[in-house]
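> Residue numbers (our numbering), protein chains in the order written: chain A, 677 to 954; chain B, 25 to 360.
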Amino acid sequence: MSTVKSFRVLPGFNLTLGYTLGYLSLLILIPLSAVFLKTAELGWDEFVAVVTAPQVVATYKLSFGASLLAAAINAVFGLMLAWALVRYSFPGKKIVDALVDLPFALPTAVAGIALTALYAKNGWLGQYLEPLGIKVAFTPLGVLVALVFIGLPFVVRTVQPILEDLDTELEEAAASLGAQRWQTFRHVILPILLPALLTGFALAFARAVGEYGSVIFIAGNLPYVSEITPLMIITKLEQYDYRGATAIASVMLLFSFALLLIINGLQAWTAKRTGRDR
Amino acid sequence: MTPKLKQSLRRSVVVLSLFAAGSAFAQSTILNVSYDVSRELYKEINPAFSAAWKKQGGADITVNQSHGGSSKQAGAVIGGLEADVITMNQSPDIDILVERGGLVAADWRKQFPHDATPYTTTSVFLVRKGNPKNIKDWNDLTRAGLQVIVPNPKTSGNGRYTYLAAWGYALEKTGSEAGAKDFVSKLFANVPVLDGGGRGATTTFTQRDVGDVLVTFENEAILIAQELGSSKFDIVYPSLSIDAAAPVAVVQKVAAKRGSQKVAKAYLDFLYTPVAQEIIARHDFRPRDPAVLKKHAAKYPAIRTFTVEQKLGGWAAVQKAHFADGALYDQILAKK
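Given below as structure tokens:
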């Protein structure tokens with residue numbers, strides 16, 4: 677039997693593939709498999725009991741629900757922000773541009789404390805919101821606010837470069853062919869931006885699901901109401917229940933992985949449809 | 025290998041082995057792994073011990089300290105952090121070192137006086153100035169419409185003691201487990217925020233202005249009153265509370281390996297001396313030494329307390345009956 681070697685223009689395929697796999701294993705696969713190995717110390721029945729306990733299930737709903745919602749909000753407003761930063765020039769633009777990255781750099785605990793101070797009933801914003809019946813700090817709404825805050829840079833920074841590359845001539849051409857503004861946006865601009873927007877959405881979502889530091893201060897952490905899944909994991913760890921903690925972590929990982937796969941698939945599909953796939 | 029490289033390699037090996045030898049023979053440092061709130065206390069105790077140890081004819085000794093959430097700290101010692109002694113705020117965090125890897129001797133409670141607890145504190149109430157809601161005792165905390173701030177019993181020793189203190193009070197009042205469960209359910213129905221630790225609960229109550237009463241350790245309450253001015257808060261002592269004694273132990277396995285048993289034991293013995301007890305009293309913990317306690321009587325009013333062993337059958341039983349998954353605490357929160 678003879679194997680047919682496919683010819684590649686670039687040399688060093690085996691080397692780079694080997695390197696990629698080795699590096700990925702060392703950095704990601706081995707630590708993650710440790711999580712599953714520790715989980716495997718639980719029997720199947722025990723595992724199911726831990727990860728489907730009503731209190732834990734309530735946290736899945738909040739964690740994944742709030743993360744998806746936060747990522748969606750960021751997709752809309754992050755796009756607007758990126759648009760303003762790319763298309764218009766205004767005084768202080770450079771500063772605004774730099775501000776976008778701050779949620780990246782700020783230690784999350786600081787963000788959490790700042791947001792809580794702002795939205796508590798004696799805070800700058802909270803004192804006006806509470807009389808209107810809007811409670812933010814120590815409610816699920818607070819969780820959402822924190823997740824929107826930390827996720828914003830992901831969308832802006834992924835969409836921005838694509839917008840910068842986008843020729844205004846395309847829009848002019850559309851306009852000269854009689855397209856309305858909305859039509860230009862819907863049929864010309866959005867399809868080009870969509871893959872990047874989805875990437876930003878996925879990144880913001882992934883970050884939000886795993887977020888602990890900022891949320892914990894503003895959530896109130898009431899069981900069945902405002903507990904996030906990472907708190908459940910910490911709770912188990914505090915009680916030396918390492919296996920229970922990794923069990924919940926592995927459910928979270930699988931769930932996130934599935935969602936990210938779907939989003940990536942969606943992205944590939946839209947890229948192909950708009951002919952940007954190589 | 026070039027001769028030059030060989031030479032420099034040899035030199036570094038010599039230097040490294042010198043370091044290794046130094047740490048094996050002189051053991052001029054010991055490590056005290058402790059919980060979060062004791063940071064300031066041990067900062068003052070450690071130099072005092074070094075001085076006392078030298079006076080007794082010992083060698084120069086430096087005590088290093090490591091602080092963090094108590095369960096995390098115990099976890100770090102299980103994971104290999106080389107602690108010679110461990111000083112915690114609840115016994116389960118030392119018992120776990122007996123269970124996992126036999127790092128601490130099973131009879132650690134017998135090795136030092138007062139069940140190896142050189143000082144204690146208790147759960148008290150902190151209310152807003154003038155006590156506008158007229159909160160006097162535990163039964164006031166179950167009143168409808170009142171907001172009680174408590175740290176999460178699942179993640180903090182402080183919260184766990186509060187929960188148990190309320191349970192003990194209700195057990196005495198109602199005389200039954202069912203009555204106690206009902207009482208504590210009502211109390212926790214009044215909790216609007218569960219912070220991860222004692223300090224977080226303090227922030228929620230004092231800075232965010234949430235809640236009518238904060239239940240926390242006496243040392244934390246005294247500290248708040250000092251730091252934030254007693255013009256804003258009052259401390260209220262309930263009719264009965266829990267004895268939240270802080271346990272200490274030598275980490276036998278590590279001490280044996282490092283040859284530090286003697287100094288580690290001397291360090292923990294030192295905590296019971298009048299000098300250390302005085303420092304302890306100044307840091308808002310209740311000292312064991314009757315003379316020192318008497319001297320600070322104004323700060324520490326008499327309060328009737330019970331221990332987990334007396335009323336609740338010990339920590340192992342409490343863990344199983346109350347805090348395990350699906351046990352009483354989980355049931356109480358599910359009812360809410």
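All residues carry an ideal CB built from backbone N, CA and C; glycine is no exception.
#1: Would you kindly check if the distance between the Cβ of A:F830 and the Cβ of A:A787 is under 9 Å?
#2: Determine, using beta carbons only, whether B:D354 comes closer than 9 Å to chain A.
#3: How many whole angstroms separate the CB atoms of A:F877 and A:A774, which I take to be in contact at a CB cut-off of 8 Å?
#4: So, at 6 Å on beta carbons, what are the nonlocal neighbours of B:A423 in its own chain, with the 5 sequence-adjacent residues on each side left out?
#5: Only counting the same chain, and skipping five residues up and downstream in sequence, which positions put a Cβ closer than 6 Å to that of B:A45?
#6: Who are the near neighbours of B:I173 in its chain, counting only those whose CB is closer than 6 Å to its CB and skipping five residues on each side?
#7: What is the rounded straight-line gap between the Cα of B:S265 and the Cα of B:G220?
#8: So, is the C-beta of B:Q334 closer than 9 Å to a C-beta in chain A?
#9: Grab me the residues of B:V316's own chain with a C-beta within less than 7 Å of its C-beta, minus the 5 sequence neighbours each way, in chain order.
#10: Could you name the residues of the same chain whose beta carbon sits closer than 8 Å to that of A:H863, not counting the 5 residues immediately before and after it, in chain order?
#11: Among the candidates A:V762, A:V901, A:T922, whose CA atom is the shortest distance from the CA of A:L708?
#12: Can you pull the chain A neighbours of B:T179, defined as C-beta to C-beta under 7 Å?
#13: What's the call for A:Q836, buried or exposed, on a 16-neighbour Cβ count within 10 Å?
#14: I'd like to know whether the C-beta of A:D917 is nearer than 9 Å to at least one C-beta of chain B.
#15: Among the candidates B:L150, B:S200, B:Y143, whose CA atom is the shortest distance from the CA of B:P311?
#16: Do A:F881 and A:L936 have their beta-carbon atoms positioned less than 9 Å apart in this structure?
#17: DSSP on B:A45, reduced to helix/strand/coil?
#18: Compute the Euclidean distance between the alpha carbons of A:L846 and A:W759, then round it to the nearest angstrom.
#19: Roughly how many whole angstroms lie between the Cα atoms of A:F814 and A:G799?
#20: Could you tell me the alpha carbon to alpha carbon distance between A:L715 and A:G920, rounded to whole angstroms?
#21: At the level of alpha carbons, what is the spacing between B:D313 and B:P175?
#22: For chain A, check one thing: does any of its Cβ atoms lie closer than 9 Å to the Cβ of B:A98?
#23: For a contact meaning CB atoms closer than 8 Å, what does B:A358 contact in chain A?
#24: Can you check whether the C-beta of A:F723 is within less than 9 Å of a C-beta belonging to chain B?
#25: Let me know if A:Y695 comes out buried or exposed under the rule of 16 or more other beta-carbons within 10 Å of its beta-carbon.
#26: Which partner residues does B:Q89 have in the DSSP bridge list?
#27: Count the C-beta pairs between the stretch 272–285 of chain B and the stretch 100–111 of chain B that are closer than 8 Å, then say yes if the count reaches three, no if not.
#28: At 4 residues or longer, what runs of the alpha helix (DSSP H) sit wholly inside the stretch 126–199 of chain B?
#29: State yes or no: is the beta carbon of B:D233 nearer than 9 Å to at least one beta carbon in chain A?
#30: Do you know whose CA, among A:I868, A:V821, A:F933, A:K948, lies nearest A:A742's CA?
#31: Can you tell me the Cβ-Cβ gap for B:F241 and B:A249, rounded? I've got them flagged as a contact below 8 Å.
#32: A:Q856 by DSSP, collapsed to three states: which one?
#33: Find the residues of chain A that neighbour B:N214, judging by a C-beta separation of less than 7 Å, and give them in chain order.
#34: Would you mind giving the Cβ-Cβ distance between B:V274 and B:A288, rounded to the nearest angstrom? I have them listed as a contact below 8 Å.
#35: Taking just the CA atoms, how far does B:F294 sit from B:E68?
#36: Fully enclosed by the stretch 720–785 of chain A, which alpha helix (DSSP H) runs are 4 residues long or longer?
Concretely, from the data shown:
#1: Contact flag unset, no.
#2: Yes, B:D354 lies at the interface with chain A (some Cβ there is under 9 Å from its Cβ).
#3: The pair is not a contact, with the Cβ atoms about 23 Å apart (cut-off 8 Å).
#4: Because chain B here runs from 25 to 360, residue 423 of chain B falls outside it and cannot be looked at.
#5: With a pLDDT of 45 at B:A45, under the threshold of 50, the modelled position of that residue is not reliable, and the figure given next carries that caveat. Excluding sequence neighbours, B:A45 sits near nothing in its chain.
#6: Excluding positions up to five away in sequence, the list reads A225, T228, F229, G235, L238.
#7: Taking the Cα positions, B:S265 is about 22 Å away from B:G220.
#8: No, B:Q334 does not count as interfacial toward chain A.
#9: Take B:V316, set aside five residues on each side of it, and the residues of its chain with a beta-carbon closer than 7 Å to its own are P298, Q301, E302, A305, in chain order.
#10: Counting only Cβ-Cβ distances below 8 Å, and skipping sequence neighbours, we find A850, A855.
#11: Residue nearest to A:L708 within the set A:V762, A:V901, A:T922 is A:T922 (criterion: CA-CA distance).
#12: Result: I910, T911, E914.
#13: Under a 10 Å Cβ-count criterion, A:Q836 is classified as buried, with 16 or more other Cβ atoms of the shown protein chains found around its own Cβ.
#14: Using beta-carbon distances, A:D917 counts as an interface residue toward chain B, with a partner under 9 Å.
#15: Check the Cα spacing between B:P311 and each of B:L150, B:S200, B:Y143: the tightest is with B:Y143.
#16: It is a contact, given that the beta carbons lie within the stated cut-off.
#17: Any reading at B:A45 must be qualified, since the residue scores a pLDDT of 45, below 50, and its modelled position is unreliable; no value is offered.
#18: Straight-line Cα distance between these residues: approximately 16 Å.
#19: In this structure, the CA atom of A:F814 is about 13 Å from the CA atom of A:G799.
#20: According to the sequence as given, residue 715 of chain A is Thr; it is not Leu. Going from the Cα of A:T715 to the Cα of A:G920 covers about 7 Å.
#21: Rounded to whole angstroms, the separation of the alpha carbons of B:P175 and B:D313 is 30 Å.
#22: With 9 Å as the cut-off, B:A98 counts as an interface residue toward chain A.
#23: For B:A358, the C-beta contacts it makes with chain A under 8 Å involve P730, Q731, P899, Y900, in order along the chain.
#24: Chain B, which has no Cβ nearer than 9 Å to the Cβ of A:F723, makes this no.
#25: It is exposed - the Cβ of A:Y695 has fewer than 16 other Cβ atoms within 10 Å.
#26: DSSP lists B:N56 as partners of B:Q89.
#27: Contact holds: three or more Cβ-Cβ distances are below 8 Å.
#28: Every unbroken stretch of the alpha helix (DSSP H) spanning 4 or more residues and falling wholly within the stretch 126–199 of chain B is given here in chain order: 137–140, 181–198.
#29: By the rule that beta-carbons nearer than 9 Å mark a contact, B:D233 touches chain A.
#30: With distances taken between Cα atoms, A:A742 lies closest to A:V821.
#31: About 13 Å separates the CB atoms of B:F241 and B:A249; that is not less than 8 Å, and the two are not in contact.
#32: Looking at A:Q856 - three-state DSSP - the assignment turns out to be coil, as it is neither helix nor strand.
#33: Below the 7 Å Cβ cutoff, chain A contributes no neighbours of B:N214, its closest Cβ being approximately 12 Å away.
#34: The C-beta separation of B:V274 from B:A288 comes to about 5 Å, placing the pair in contact by the 8 Å criterion.
#35: C-alpha separation (whole angstroms): 13 Å.
#36: Within the stretch 720–785 of chain A, the runs of alpha helix (DSSP H) that reach at least 4 residues and sit entirely inside it are, in chain order, 720–727, 730–763, 769–775, 778–781.
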